[in-house]
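Read the structure below first, then the notes.
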């Protein structure tokens, strides 16, 4: 792999060819907000929160799926980018029913943290309030589609790490849902190994462990550091 | 016929109005207390996981979330079919008692004391808690301090003053720490002194309100509350007891969970608040009262010495079974003293810092009922869930609801006594509101609604036209 030199936020930095802007930025201590990204899993560029400006590009690019190039000039933070990111969070909040006060992930939620960090204090858009439903048929876990942001971390961890590929995505736009085994209730899934990785990587309260009450659902995610270790090996 | 409307009724928790119908001679024909807000929590929770229920239901109220936490968690315990660790029961009890202290303090000092300090005909401009703070600063300070005492206990146990997520299905989420226990115990003497000072103040001034005490919902009725099997007061557990105005026991040592066997829920078209009644006597004869007055009538004793001393004096002056709703105030102050004593007693037990505070279980039943005493009376949460623990239906019988028939009867009594013709002095309108305040209704708790909290009074002519309407 060849070394690539570029400029991020005015700093001269170096990465390897094939590396993403996000990866190089983080190696150099430059923070870019993300939601669908998780170290150790493949990138899908789904949430678009990591959008950055690249000199010469006509639109912002997702840092997680854009490879660094020689002499690239990247800006990670502008008022416009912060506005876009806040709007993305607002869209996520209004698309489903994210009721932090009674959510098991309250105070341990990446969506909530992002809203706070980006200054999203209220919705300007009307909330859709869909009846997204809850599948609690699994013996130990449940999926509350009201809290899902379609980051697909569950889909990727299940396919790429556990090797079960129980999870997938059905439908489009606001009708899209993560599903188990082509829509089989989770409790009847023949492929789910009940490993619980999907629950641990879920950034919100969508995937939860039964028996955990409000605010105590995502306090501990002991599996997540192992994903990073795997990433370092590969 | 003409009608007086008071809308909204003030210094209560929730939205409501009072209507008074007058005949052609200006005499009162009928009067109603209408609850004009709707909350809908029985519907909101459908489809939600069982483990979310205590915290979700606690959002019904910002004043008494702990009552809903406890009744809801008890319903969930039933569905899990677990017996929670005894220590968890005691810790839940402490939080419930703390909430009764702060909620009672809110009603007596912040909402009601202005009527007692300035009189029911006092200048409305100063007849408020701010006015009390000027005219009787020690009384106001005691009220603020007692609320803080209760709220800080809730925070020390649950991490938050309002809506702590600490009470969970199966027990509580974490044990009590020594530092928190010691901090609470250190504040008990001051709180007790303040509560007793307020009680002394009230007893001294009671004689000034003989007419109001005689007219504010002073009628025979049934009384209902949870009682420990030994006959002492029970707030978080206990069995139901119902007595009539003469103390005849209609039900005792009754399991409160199959409440539908003895409580009916009538609906009137003019109010969002259900009108529960005691089934054996039918509707509306099965009118009963709950809350402080009723609790002191159904128990033999409170169970803590200093509060029992106060109870003895209360019974000596008012009789064994006081009937006037005005005496809710006195009963409330005695309960504050008792709750402070009981908190101290429980927290002084040597094993209170142990770690067995939670039972883990899956859904083992499809139905559960949780019953506890809220500040305003008996609170019932009833859930049905599917095999996976998702809520299919919920029925809530809220403490304020139990008192609905009694509140209507009280308004009618006050109106008949004081209202003669459509020209009604402000002090009379205030008395109608004050009769409601005695019950300390929490209307936002009881109808499941949009909005905040005020009430209104209507005076209507025989042809239904509104003669006078008072709204704030």
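Protein chains in written order, with our numbering: chain H, 11 to 244; chain A, 391 to 862.
Think of the CB as a built atom: it goes at the ideal place given N, C-alpha and C, for glycine as much as any other residue.
DSSP, reduced to helix, strand and coil, places residue 439 of chain A within a strand of the structure shown. Straight across, the Cα-Cα distance linking residue 754 of chain A with residue 219 of chain H is about 17 Å. The Cβ atoms of residue 150 of chain H and residue 204 of chain H sit closer than 8 Å to each other. Within chain A, the residues whose beta carbon sits less than 8 Å from that of residue 111 of chain H are 445, 449, 553, listed in sequence order. Inclusion of residue 578 of chain A and residue 612 of chain A in the CB contact set at 8 Å is not warranted, their separation being larger than that value.
Residues are counted here when their Cβ sits less than 9 Å from a Cβ of chain A; for the region 120-135 of chain H the count is zero.
Setting aside the 5 residues that flank it on each side, residue 831 of chain A is surrounded in the same chain by 402, 790, each with a C-beta closer than 6 Å to its C-beta; the list follows chain order.
Boundaries around residue 152 of chain H are those of the beta strand (DSSP E), 151-154, since no alpha helix (DSSP H) includes it. Residue contact check for residue 559 of chain A against chain H: a CB pair falls below 8 Å. Note: residue 768 of chain A is bridge-paired with A:763 in the DSSP secondary-structure output. Under the DSSP definition of a beta bridge, residue 667 of chain A partners with A:654. When DSSP states are grouped into helix, strand and coil, residue 595 of chain A belongs to the helix group. Contact annotation for residue 780 of chain A against chain H: 144, 146 [CB-CB distance below 8 Å, chain order]. Using a C-beta cut-off of 8 Å, the region 114-131 of chain H makes no contact with the region 169-187 of chain H, since fewer than three inter-stretch Cβ pairs fall below that distance. Straight through space, the alpha carbons of residue 441 of chain A and residue 575 of chain A are spaced by roughly 32 Å. At a cut-off of 8 Å between beta-carbon atoms, residue 114 of chain H makes contact with chain A.
Here residue 184 of chain H carries a helix assignment [DSSP, helix/strand/coil]. Counting only unbroken stretches of 4 or more residues, the alpha helix (DSSP H) elements lying wholly within the region 805-829 of chain A are 816-828, in sequence order. The Cβ of residue 750 of chain A sits closer than 8 Å to at least one Cβ of chain H. Residues of chain H whose Cβ lies closer than 8 Å to the Cβ of residue 404 of chain A do not exist, since the nearest Cβ in that chain is about 20 Å away. When only Cα atoms are considered, residue 209 of chain H and residue 559 of chain A end up about 21 Å apart.
The three-state reading of DSSP puts residue 788 of chain A in coil, since its state is none of H, G, I, E or B. Contact check for residue 827 of chain A against residue 501 of chain A passes: the beta carbons are separated by less than 8 Å. Closest by C-alpha distance to residue 148 of chain H, out of H:85, H:166, H:221, is H:221. Spanning the alpha carbons of residue 21 of chain H and residue 111 of chain H requires a straight line of approximately 41 Å. Runs of alpha helix (DSSP H) with 4 or more residues, each lying fully within the region 70-148 of chain H, are found at 89-105, 120-127, listed in chain order. Secondary structure note for residue 391 of chain A: it is in no alpha helix (DSSP H), with a DSSP letter that is neither H nor E.
Taking a contact to require three or more Cβ pairs closer than 8 Å, the region 150-167 of chain H and the region 39-47 of chain H qualify as touching. Inter-residue distance for residue 591 of chain A and residue 617 of chain A is about 29 Å (C-alpha atoms, whole angstroms). For the 8 Å CB-CB criterion, residue 491 of chain A and residue 589 of chain A do not form a contact. Close to residue 221 of chain H, with beta-carbon spacing below 7 Å, are these residues of chain A in chain order: 441, 750. A residue is called buried when at least 16 other Cβ atoms come within 10 angstroms of its Cβ; residue 517 of chain A meets this threshold and is buried. For residue 458 of chain A, the enclosing alpha helix (DSSP H) starts and ends at 455-470. Contact between residue 16 of chain H and residue 75 of chain H fails: their C-beta atoms lie close to 16 Å from each other, not under 8 Å.
In the structure shown, residue 647 of chain A falls within a coil segment according to DSSP collapsed to helix, strand and coil.
Taken atom to atom, the span from the alpha-carbon of residue 853 of chain A to that of residue 413 of chain A is near 9 Å.
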